[in-house]
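This report concerns only the one structure given below.
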Amino acid sequence: MNQMHDDRLLELAALYALGALPDGERVEIAAHLPTCAACRSEFAMARGSATALLLAADAPPPASLRARALAVASRPSNVAPLRRRAVTWLAAAAAVIALVVFGRQLIQRPERAWSGACSPAGACSAARVVAVDGGLRLDADGMAPAPSGKVYQAWIIPKGGKPIPEPVFDASGGHATVAIPVGAQPGMLVAVTIEPRGGSRAPTTKPFLVAKLD
Amino acid sequence: MTDDASLMQRVAARDAVAFAQLYDRFGGLVYGVARRVLDDAAQAEDIVQSVFTQVWERPAMFAGGSFGAWVARVARNAALDVRKSAYVRTREPEPPPDVAAAVAAEDEALASLRRAEIARALSTLPPEQREAIEQAYLLGHTYDQVAARTGTPLGTIKSRIRAGLRRLHDALHGTATA
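Encoded structure:
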């Protein structure tokens, strides 16, 4: 390996650790890392520096936020029991581990995707769920920004189970994308509702977007 | 086991007091990271509520190591999901298996530093290096997007980001051993 080639790969390893590579180079360095100790060391160096950047951002939150952030621990549980949630997360963690171990093969494997239905028809114009990086990504078009004081919230509904809260998000330019850190399972539903800002532990409105995974 | 990890064990056992202690230690970190990514106080507060709700409801998400480093990355990813809802954000990859131990060691070393020491190390970066790193990592842009936004050649941006990360790393190590 000549010096110029070496430097190019070390740069890619550092940028990869930040998540700052376009697709082609990301795949290239992900395949190269297992074969090159110098690039792995560069990855760890870059990740550490990036984390330092986050740690330096510490800032005093407004005092009123404390009660809001802690409220979840004082509410009676009205959602699925912990044991089943843990199983769901183990499945997601297992999918992530599979990605790390078999990253190259997974990246090259064609994506699995499912289309979603919008109801009422004007709520969104097109939606699909894609299996990616061991989790799911929901893409929706034709969505208005969430109403004032509200957000969109994604839900995973396991087959025969209760809705599990997933990230809140908003639409911009009519489009929304949200990453859901759960592995695809047959019969699982991905749904979206309108919720109060901050999100809910259980849906408070009827889903306007539903995709069924097979 | 660190204090933070034992707090998380108590959170997993539904201990609301431990949960409050965890917020008092890390609420400012989650809030500060979300503010840096989103530049919007109300949205940052939403992220804090969302992250701590996830910590309470899914404690198994935390797989050990430095809680501060972990929750800071969770906050960054959650804030970028909001910021970049118009298009797919670039995901920070999981460290490959051979690198995980080295990344965990970096996290532990950082966790032992005071915030002021990290801030001092950060202040040694030339402004253009810091800006390029922040645009990539805090705003979620790929390096070619950073190059376009700053009107800088691609090769310059790549080497600038890497040089800045290396310089910060060296400054942190200097701080750690001083």
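Protein chains in written order, with the numbering used here: chain A, 1 to 214; chain B, 1001 to 1178.
Each residue gets a CB set at the ideal place from its N, CA and C atoms; glycine is no exception.
Point to revise | Bounding residues of the beta strand (DSSP E) (the contiguous stretch that carries C36/A) | key: No beta strand (DSSP E) contains C36/A, which DSSP labels as neither H nor E.
Check your understanding: If we count Cβ pairs, one from each stretch, closer than 8 angstroms, do we get three or more for the stretch 113-129 of chain A versus the stretch 150-163 of chain A?
Key -> no
Check your understanding: Among residues of its own chain, excluding the 5 on either side of G142/A, which ones have a beta-carbon nearer than 7 angstroms to its beta-carbon?
Key -> C124, S125, A126, G174
Check your understanding: Which chain A residues sit within Cβ distance under 8 angstroms of E1106/B?
Key -> A44, M45, R47, G48, T51
**Study point:** Backbone CA spacing between R112/A and R128/A [nearest angstrom]
**Key:** 10 angstroms
Check your understanding: Is DSSP giving S1006/B helix, strand or coil here?
Key -> helix
Check your understanding: Can you tell which of A1163/B, L1172/B, H1173/B has its C-alpha closest to the C-alpha of L10/A?
Key -> A1163/B
Check your understanding: At least one CB of chain A closer than 8 angstroms to the CB of F1199/B: is that the case?
Key -> A question about residue 1199/B goes unanswered here, because the residues of chain B that appear run from 1001 up to 1178.
**Study point:** Continuous alpha helix (DSSP H) stretch holding S1159/B: start and end
**Key:** 1154-1177
Review point. What in chain A is Cβ-close to T1142/B, meaning under 7 angstroms?
Key: A20, L21, P22
Review point. If you draw a straight line from the alpha carbon of A1100/B to that of A171/A, how long is it in whole angstroms?
Key: 35 angstroms
Review point. Mind listing which residues of the stretch 1013-1042 of chain B have their C-beta closer than 7 angstroms to chain A's C-betas, in chain order?
Key: A1016, F1019, A1020, Y1023, G1027, G1028, L1029, Y1031, G1032, V1033, R1035, R1036
Check your understanding: Should A1072/B and L1029/B be called a contact, given that it needs their Cβ atoms to be closer than 8 angstroms?
Key -> yes
Review point. Could you give the distance in angstroms between the alpha-carbon of Q108/A and the alpha-carbon of A131/A?
Key: Unreliable positioning characterises Q108/A in this predicted model, as indicated by a pLDDT of 35, which lies under 50. A coordinate reading is not provided.
Exercise for review: Kindly indicate if chain B contains any beta-carbon less than 8 angstroms away from that of L213/A.
Suggested key: no
Review point. Taking the continuous alpha helix (DSSP H) assigned at R137/A, which residues delimit it?
Key: That residue, R137/A, is in no alpha helix (DSSP H); its beta strand (DSSP E) goes 135-141.
Exercise for review: Leaving aside the five residues before and after P165/A along the sequence, list all residues of the same chain whose C-beta is less than 8 angstroms from its C-beta, in chain order.
Suggested key: V79, Q153, W155, G199, S200, R201, A202
**Study point:** 8 angstroms Cβ cutoff met for T193/A and T177/A
**Key:** no
Point to revise | As assigned by DSSP and simplified to three states, the class of E42/A | key: helix
Check your understanding: Once you ignore the five residues that flank R83/A on each side, which residues in its own chain have a CB closer than 7 angstroms to its CB?
Key -> For R83/A, the pLDDT reaches just 41, beneath the cut-off of 50, and the residue's location in the model is therefore unreliable, although a value from the coordinates is still provided. Contacts found: none.
Exercise for review: Would you verify that the beta carbon of L74/A is, or is not, closer than 8 angstroms to some beta carbon of chain B?
Suggested key: Here the sequence assigns Ser to residue 74/A, which means Leu is not the residue at that position. So yes, S74/A belongs to the interface.
Check your understanding: Pick from A1060/B, D1046/B, Q1054/B, A1044/B: whose alpha carbon is nearest that of Q1009/B?
Key -> A1060/B
Practice item. Flag E11/A as yes if its beta-carbon sits less than 8 angstroms from any beta-carbon of chain B, otherwise no. Key: yes
Point to revise | First and last residue of the uninterrupted beta strand (DSSP E) at T177/A | key: 176-180
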